[in-house]
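So in full-length UniProt numbering, spot 189 of the sequence shown is number 189, and the numbers just go up one at a time.
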Amino acid sequence: MSPLSQDTFAPLSSQDDLELALLLCCARTHRDATTVAQIHQLVHQPIRWENLIPLAEWHSVLPLVYQTLNTVCPEKIPPEISKRLRQSFYAISLNNQLLIQTLLILLKQFEDAEIPVLAFKGPLLAISYYGDLNLRQFNDLDLLVARNDFERAQTLLREKNYQPYQVLGWQTAFAHSSSGVGIDLHRALTPPYFKFDLQFEELRSRLQSCSFDNQQIACLSPIDMLLILCVSFCRDRHEQKSRLIQLCDIAQLIQAYPNLDWHQVLNQSRRFGILHMVLVTLALGQQLLQIPLPKMMQTQIQHNSAIESLLHPLATNLLKTNLQPQLLQFDSETFCLDHTFYLALRERWSDKIPYFLNYAALPVDHLQRIQLPKAFDHLYLIRRTIGPKTNLFRLKVLLHRVKLFLRLSPQDSIRFICALALFPCIAIALQHWNIAQIQGVLTRLCRPLSPASPVQVARTVRLVEIAARQYSSRWANCLKRSLVLWYLLRCQGIASELRIGVRREQGEFQAHAWVECQGKILNDIPDVHQSFAAFDSTLMHKLSSD
């Protein structure tokens, strides 16, 4: 295969990306002599080790990084960094053990209830392809059931003390009321607008078996799993969720099945209209992780004119965009480029149209179509739905949102309405008072503090996030989102802290806000404090009141 354009991987070209280059070498699940030599060369460079751990955690490859460094060059790792890596590795191992034991119990409970279920991703990837449960980091469990069994499966999970906190049309997210273990229950692999019609019964017809702790577990065939991993990786780009671990999974799968039927991979990809997704994901994995591809796949990548143009935004998003906290600024140009990218991913118009229609109901220029005074800018939700181009499709979208709202519990409905009302109120209040004054007023309305429920916290975070989407970024930036979340948690008696952090970027100071509960960051990435220096709460109140 002729090499792709060097510009495609420009994110790796600067001196500041030494940590990222080391991360890519350590994440390669097959270490040849060249990779080992590259690692030795990199560790002699001025590596900012304090940045490597957040990178590894963000991309969910910390176990791989720890194992590689501990094997190849343990003497080059600073003692404090080695200790942190080791502690994180053992913490991940304990969490993985909890999740795999939970999965085994759930599979038995589904079997007893006579509900066919398939487990995929997470622990099954570790068992089937990595050969070591501790090398693959995962945070929840993914279960797939047939569409007509979806309601029964949800009922079963509720009976087993799993509470739903995110209800979508194609999946429901649950969390256990005591252990906090998360379950994503799917009745489809993707949302309707991101079409991928690989059905439950077809997956069941090709099941294989893997073993863990002397128990046999049904797992997906390698070809089905490869297609799912490629589609998931491309879809996650839109939500800024794509991670390096997804490419590592593909690398491990290919290494575990050297005789994979690549003709069947191509045939199935064309059948489901996902050939671009499969080829671009494999091409990126080959470039970043040296995934070995057969000549026929390299030829397909080389001769497909769309692949190189798709690689650049995919690589840039994976390597750069996700590494910094989002400051919640709306960029219409980026918005358009993102959706152009997704339309280019699909080969068939029958797949492009559902995606296009899903976002056509929420056009980029809806802010300009209805000219209201700025004082009424908070009427964003109404203005988005009622406009000169209101049509039947948009009405269906509105009815769908109403249906989702009606599914909420009475308490969650009240909190969602409160969140909607709080955003404009806090935005107006910030024009007249400082943060300390606003918090002082809101605190008088709160309940006494009591122990927090992880499910209750997760629900509140999700409700505030959904409410914030109904407003423009000016009315729902990070500070306003955090104030709303902090207040709603305090109203439930849940102790939480509003954090304000700053950083210096290109000679200018930037501020960012987030909320913490029991030391856990709720509405931002876990390592946000690595990018923003947080003020002490006492100092923050003093500065706010000055």
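We put the CB at the ideal spot given by N, CA and C, even for glycine.
Expected contact under 8 angstroms - CB spacing of residue i and residue j to nearest Å
i      : j      : result
Leu185 : Val145 : 7 angstroms
Leu24  : Leu288 : 6 angstroms
Ser221 : Leu198 : Between Leu198 and Ser221 the Cβ distance is about 11 angstroms, and since that is not below 8 angstroms, they are no contact.
Lys195 : Pro354 : 6 angstroms
Gln216 : Ser209 : 5 angstroms
Ile521 : Ala511 : Wrong, their Cβ atoms sit about 16 angstroms apart, outside the cutoff.
Asn30  : Gln255 : According to the sequence shown, residue 30 is His rather than Asn. About 6 angstroms; that satisfies the 8 angstroms criterion.
Ile438 : Ile426 : 7 angstroms
Cys248 : Leu408 : About 37 angstroms separates the two Cβ atoms, so there is no contact after all.
Simplified DSSP assignment, three categories, for residue i
i           : result
Trp262      : helix
Asp524      : coil
Phe138      : coil
Arg499      : strand
Asp32       : coil
Arg504      : strand
Pro325      : Residue placement at Pro325 cannot be trusted, given a pLDDT of 41 that sits under 50; what the coordinates show is reported in the next sentence. It is coil, neither helix nor strand.
residue 625 : In the structure as shown, the chain begins at 1 and stops at 546. Residue 625 is therefore absent and cannot be evaluated.
Gly182      : strand
Cys210      : strand
His529      : helix
Asn391      : Summary for Asn391: the model assigns pLDDT 45, below 50, so the residue's position carries little reliability; its value from the coordinates is reported in the next sentence. The answer is coil: DSSP assigns Asn391 none of H, G, I, E or B.
Leu189      : coil
Gln510      : strand
Leu198      : coil
Leu144      : strand
Ile115      : coil
Ile223      : helix
Ile291      : coil
Ile47       : coil
Trp349      : helix
8 angstroms Cβ cutoff met for residue i and residue j
i      : j      : result
Ala283 : Leu311 : yes
Val461 : Leu485 : yes
Ile414 : Val457 : no
Phe423 : Lys480 : yes
Leu52  : Glu19  : yes
Gln290 : Arg28  : yes
Ile250 : Gly285 : yes
Leu489 : Cys517 : yes
Leu244 : Leu189 : no
Leu463 : Asp524 : no
Ala467 : Ala419 : yes
Cys234 : Met277 : yes
Glu202 : Leu275 : no
Ile47  : Cys73  : no
Leu156 : Ile105 : no
Gly180 : Pro526 : no
Leu260 : Ile301 : no
Ala21  : Leu42  : yes
Phe509 : Val515 : no
Trp349 : Met296 : no
Run of the alpha helix (DSSP H) containing residue i, from where it starts to where it stops
i      : result
Glu75  : Run containing Glu75: none; DSSP gives neither H nor E here.
Thr102 : 79 to 112
Tyr487 : 478 to 491
Ile254 : 244 to 256
Gly273 : Segment: none, Gly273 is in no alpha helix (DSSP H) and carries neither H nor E.
Pro424 : 410 to 430
Ala467 : 454 to 468
Phe535 : Element bounds for Phe535: n/a, residue is neither H nor E.
Ile438 : 435 to 443
Leu157 : 150 to 159
Asn317 : 306 to 319
Cys26  : 18 to 27
First and last residue of the uninterrupted beta strand (DSSP E) at residue i
i      : result
Gln215 : 215 to 219
Pro164 : 162 to 167
Phe174 : 171 to 176
Pro120 : Correcting the residue type first, residue 120 is Phe in the shown sequence and not Pro. Element bounds for Phe120: 118 to 120.
Worksheet entry | Contact the region 118 to 126 vs the region 74 to 89: 3+ CB pairs below 8 angstroms | no
Fill in: the region 97 to 108 touching the region 120 to 137, judged by at least three CB pairs closer than 8 angstroms
yes
Discussion item. If contact is defined by three or more beta carbon pairs under 8 angstroms, each pair taking one atom from either stretch, is the region 221 to 228 in contact with the region 254 to 271?
Written reply: yes
Discussion item. Check whether the region 57 to 71 and the region 127 to 145 are in contact - that is, three or more C-beta pairs closer than 8 angstroms.
Written reply: yes
Worksheet item: Counting Cβ pairs closer than 8 angstroms, one from the region 146 to 164 and one from the region 180 to 198, do we hit at least three?
Response: yes
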